[in-house]
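A.B. asks: Before anything else, here's the structure in question.
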Amino acid sequence: MSIGLVMNPFAPNSRQRSWSSFIAWTEWVFIPPLYILRASCGEERFWSPGRLKQPSKTMLIFTLSLMIFSGSPAASAPEQPEGCGYMPEFRVGFIGLGLMGRPMTRRLMDAGYPAAVANRSRPAVEALAAEGAIACDSPAEVADRSGVVFTMLPDAPQVEEVVFGPDGLAASMHEGSVLIDSTSNSPRSAEKVAAALAGRGVEMLDAPVSGAPEGAEQGTLAIMAGGPKATFERCRSLLEILGQKVVHVGEPPGSGCVAKLANQILVGLTFLGVGEAMVFGAKAGLDPAALVEAMGAGLARCGALEVKAPKILSGDFTPGGKVVTHTKDLRYAMEKAIELNVPLPGTALVAQMFSELRASGEGELDHIAIVRTLERMARVEARSKK
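This is the structure in structure tokens:
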């Protein structure tokens, strides 16, 4: 391992070194032709303002040929997504290559960051390694290779295992490096992790996301980040590769997690509303597809109706966000609400509906499957009649 990597977690990687090579290339390609032109015209006359001597056609063609046909290392520079700046000071790691983590990692790689990756199951690591990622055997190895480490994990216990466990991040991250945890985590867990890392000089952003795997693939996630504003601004360019809306929601550790829980409260209540409306219409004999079309043209139009109603109409509950995951988020929300003395009666109802789905063996379905509980209660299905 190089001294630069040990001493500087933001040391340039091979792609970044190509930029230095490009600078050196410009010195060899552009400077000599200028000297040739100067020699052909006479030094004083060439550089004197208003007295530039016209070079010969032969010399001009020779100069331009040198500039055009010389090879350039810049040809291998990564293509960047529109609107995303390539920041060569970052070396990036990613831990957790599931439904969300895998496409997020690909976005970073496509932007020019050959991420160091680790995952509990090895096939996910090997698949990304085949695309150019650096395969690692542990979180510690990812930390050793990275200045910024992303985590996208199922829950707080997994985050704390990756941070505090054997070969974990807490003992391995370099001073001055950054952990960006995009897990839908407990605010309390985020506070615990941030405090432990701060003692090692490591900064942390808790930056959960919303937008499903499709948003991760397209770089259209909503990202809600908590933590030091300076750290957020330092990492903004990376976050903007992943999301179309990147918002700093607060300085205290756990602020991003609280924002995500608020998001999940609203999503759950909206899903319940969509399900109730569609089951109500279906029981009354309406064509659910026609009902969705009508509601989508008025004030009832919303993202949940546009994105999730087609799943209800088709009966395809292949998961984006899962019932079990949303249940976990609402549990954390209610724990925080008790701490804050905030009543959440609607959230409690949605959580109970999700519990019925889990008891029915449907916890791994998409969270819009909340409609299935309503359908069983009403003894009707809100499927398209076409």
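For the sequence shown, position 18 matches number 22 in my numbering, and the numbering has no gaps at all.
Note that beta-carbon positions come from the ideal geometry of N, C-alpha and C, so glycine has one too.
If you check the beta carbons only, do P3 and R383 fall under 9 Å apart?
C.D. replies: Nothing about residue 3 can be reported from this structure: the residues present for the chain run from 5 to 390 only.
A.B. asks: Consult DSSP for L225 and reduce its assignment to one of helix, strand or coil.
C.D. replies: Strand, per DSSP.
A.B. asks: Does the Cβ of R126 have 16 or more other Cβ atoms within 10 Å, making it buried, or fewer, making it exposed?
C.D. replies: R126 is exposed by the Cβ-count criterion.
A.B. asks: Under 7 Å Cβ to Cβ from V278, same chain only, skipping five residues before and after it: list those, please.
C.D. replies: The residues are A308, L309, K312 and A313.
A.B. asks: Using a Cβ-Cβ cutoff of less than 7 Å, which residues in the same chain neighbour Q268 once the five nearest sequence positions on both sides are dropped?
C.D. replies: Closer than 7 Å at the Cβ level, and outside the excluded window around Q268, lie H330, D333, L334 and A337.
A.B. asks: Check whether the Cβ atoms of K4 and H252 lie closer than 9 Å to each other.
C.D. replies: The question about residue 4 has no answer, for the chain in this structure spans 5 to 390.
A.B. asks: Going by beta carbon distance, what residues of the same chain come within less than 8 Å of E385, once the five residues before and after it are set aside?
C.D. replies: Cβ neighbours of E385 beyond the five flanking positions: A286, G319 and E379.
A.B. asks: Going along the chain, which residues of its own chain have a beta-carbon closer than 8 Å to the beta-carbon of G215, five neighbours each way excluded?
C.D. replies: Around G215: T224, L225, A226 and G247.
A.B. asks: CA-CA distance, L369 and L276?
C.D. replies: The alpha-carbon atoms of L369 and L276 are separated by roughly 15 Å.
A.B. asks: Buried or exposed: K326, going by 16 or more other Cβ atoms within 10 Å of its Cβ?
C.D. replies: The residue in question, K326, is buried, as its Cβ has 16 or more Cβ neighbours within 10 Å.
A.B. asks: Quick check on the burial criterion: 16 or more other C-beta atoms within 10 angstroms. Buried or exposed for K389?
C.D. replies: Exposed is the call here.
A.B. asks: Would the beta-carbon of V96 fall within 9 Å of that of V152?
C.D. replies: Yes, these two residues count as a Cβ contact at 9 Å.
A.B. asks: Compute the Euclidean distance between the alpha carbons of L243 and M156, then round it to the nearest angstrom.
C.D. replies: Going by the C-alpha atoms only, they are around 13 Å apart.
A.B. asks: Less than 9 Å between the beta carbons of R192 and G272, yes or no?
C.D. replies: No. Outside cutoff.
A.B. asks: Quick one, which of S150, L353, L270 and R305 has its alpha-carbon nearest A281's?
C.D. replies: That would be R305, whose Cα lies nearest to the Cα of A281.
A.B. asks: For the beta strand (DSSP E) holding D291, just list the boundary residues, first then last.
C.D. replies: Element bounds for D291: n/a, residue is neither H nor E.
A.B. asks: Are G230 and A211 close, meaning C-beta to C-beta below 9 Å?
C.D. replies: Cβ atoms of G230 and A211: closer than 9 Å.
A.B. asks: Is it true that the CB of A147 sits closer than 9 Å to the CB of M113?
C.D. replies: The answer is no: Cβ separation not under 9 Å.
A.B. asks: Return the Cβ separation of C261 and S186 in integer angstroms, given the expectation that the two are a contact with Cβ distance under 8 Å.
C.D. replies: Not a contact, Cβ separation roughly 10 Å.
A.B. asks: Would you check if the distance between the CB atom of V182 and the CB atom of L209 is smaller than 9 Å?
C.D. replies: In contact: V182 and L209 (Cβ atoms closer than 9 Å).
A.B. asks: Can you tell me where the beta strand (DSSP E) with L391 in it begins and where it stops?
C.D. replies: Because the chain here runs from 5 to 390, residue 391 falls outside it and cannot be looked at.
A.B. asks: What three-state label does DSSP hand M156 in the structure shown?
C.D. replies: Reduced to three states, the DSSP call for M156 is coil.
A.B. asks: With distances taken Cα to Cα, identify the nearest neighbour of Q356 among I374, E343, N345 and A341.
C.D. replies: The shortest Cα separation from Q356 among I374, E343, N345 and A341 belongs to I374.
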